Amino acid sequence: VQLTSQLADKERALREQHNLDIATAGMGDKQRQRYQAQLRIRQEYRQQLQQLENDSRQKGTYGTEDYRRAEEVLKGSLKRQLNENKRYWQEMEVAQGDWKNGAQREFQNFT
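Following this note's numbering, the numbering of the sequence shown begins with 2 at its first residue and continues without gaps.
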């Protein structure tokens, strides 16, 4: 059972990487980075949700109020992480658009 699960995880990871390559084939570097960051957050969420489901089924608590609360905690965390990721890229774009930051960086690298 464990070997089957490990092989399935490996196959899923390969499929996800191929899907990522296909989905981002025409994107620029920045757009691809953003897409990859969001995808990683969503993949981690799916893994955590799957683990919650597996654990709950083993304990016989799947579908209970405790399970639903844990599921909501995961959903809330996903939303906060995606919002933080969006905020990061927006602020990074503003910072990179300021020529003074680039000049200051070059000066710091020079000295």
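C-beta atoms are modelled at their ideal positions from N, C-alpha and C, and glycine is treated no differently.
Computed from a prediction, not measured in an experiment: that's the story for all the values here.
- The alpha helix (DSSP H) runs of length 4 or more contained entirely in the segment 47 to 109 are, from start to end of the chain, 66 to 98.
- Setting aside the 5 residues that flank it on each side, S57 is surrounded in the same chain by Y63 and Y68, each with a C-beta closer than 6 Å to its C-beta; the list follows chain order.
- The DSSP-derived three-state label of T5 is helix.
- In this structure R33 touches T25 by the C-beta definition: roughly 5 Å separates them, less than 8 Å.
- Remark: C-beta atoms of Q3 and L21 do not approach each other more closely than 8 Å.
- In the structure shown, the three-state DSSP call for A26 is coil.
- L83 is positioned such that its CB atom lies closer than 8 Å to that of I42.
- Excluding five sequence positions before and after A96, the CB atoms of its chain that fall closer than 8 Å to its own CB belong to N102, given in chain order.
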